[in-house]
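Report on one structure; see the data block that follows.
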Amino acid sequence: MRRPDSPVDWCVSDAPVPYDAAVRRMEALAADIAEGRAQERVWLVEHPPLYTAGTSADAADLIAPDRFPVHRTGRGGQFTYHGPGQRVAYVMLDLKRRRPDVRAYVRALETWLIETLAAFNVCGERRDDRIGVWVRRPELGAGREDKIAALGVRVRRWVTFHGVSLNVDPDLEHFSGIVPCGVREHGVTSLVDLGLPVTMADADLALRTAFETVFGPTRPLAE
């Protein structure tokens, strides 16, 4: 995508962030970016355990509705899980300054995640018939694939918000309360589940390096 002259603010929250507070903050910042009052930003967070329902969510895919809080959200997609050990990256970019093409933006997000995984010698792949980034698991059976990263975006006035999540070391059993992204035929995995001793700091470094390759330079922003 075309790269603006100014770097993207890169912000990391060390403490867990409540989901509703994150959405309010994203929406306010997206409005400020659209009005030219704020720089583009990537915000890295972890959330307490929760489920979110995107605009395409099917109620039948919420298997355990009382297990964790369920948040209805305006992003695209279906049900997903967020929780400790999963890095969520909220991405607020001005597509008017880059390329006003949502499909190309989603493709760029997938490339960003695939490049991040490559830093750990993990081969992440996109699929035309389902969203997210997938890894092959032949050791678990013929044709087995697991999702390692998810995407869910919203665009308002050509400014993006919501974003991506990467499974570093979450409790994978927590995904059993939903049908993740409506996909019943495949499972979920994480970097640690793949046998890689990756810390959140390791993942953050790889995410930032790959982001700069795909979207352009960043600058650190303190919380």
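Note that our numbering gives residue 237 to position 219 of the sequence shown, counting from 1, and the numbers run on in steps of one.
The beta carbon of each residue, even a glycine, is placed where N, CA and C say it ideally should be.
The C-alpha of R172 is placed about 6 Å away from the C-alpha of G94. For the set A77, D112, R42, the Cα lying nearest the Cα of R174 is the one of D112. A straight line joining the alpha-carbon of L169 with that of A107 spans about 10 Å. A direct Cα-Cα distance of roughly 33 Å separates N139 from R115. In this structure, DSSP gives T236 an extended state, which the three-state scheme calls strand. Judged by pairs of C-beta atoms under 8 Å, the stretch 149 to 168 touches the stretch 125 to 135, as three or more such pairs exist. In this structure, the beta-carbon distance from R105 to L184 falls below 8 Å. Following the DSSP letters along the chain, one finds E143 inside the beta strand (DSSP E) bounded by residues 143 to 145.
In this structure, V177 sits near A48, with a CB-CB distance shorter than 8 Å. The C-beta distance from G103 to D222 rounds to 13 Å, too long to fall under 8 Å, and the pair is not in contact. Beta-carbon to beta-carbon, C141 and V151 are separated by about 10 Å, too far to satisfy the 8 Å threshold. Residue pairing by DSSP places F179 opposite R172 in a beta bridge. In this structure, the straight-line span from the alpha carbon of E230 to that of D27 is close to 11 Å. In this structure the stretch 191 to 203 touches the stretch 75 to 89; the number of beta carbon pairs closer than 8 Å is three or more.
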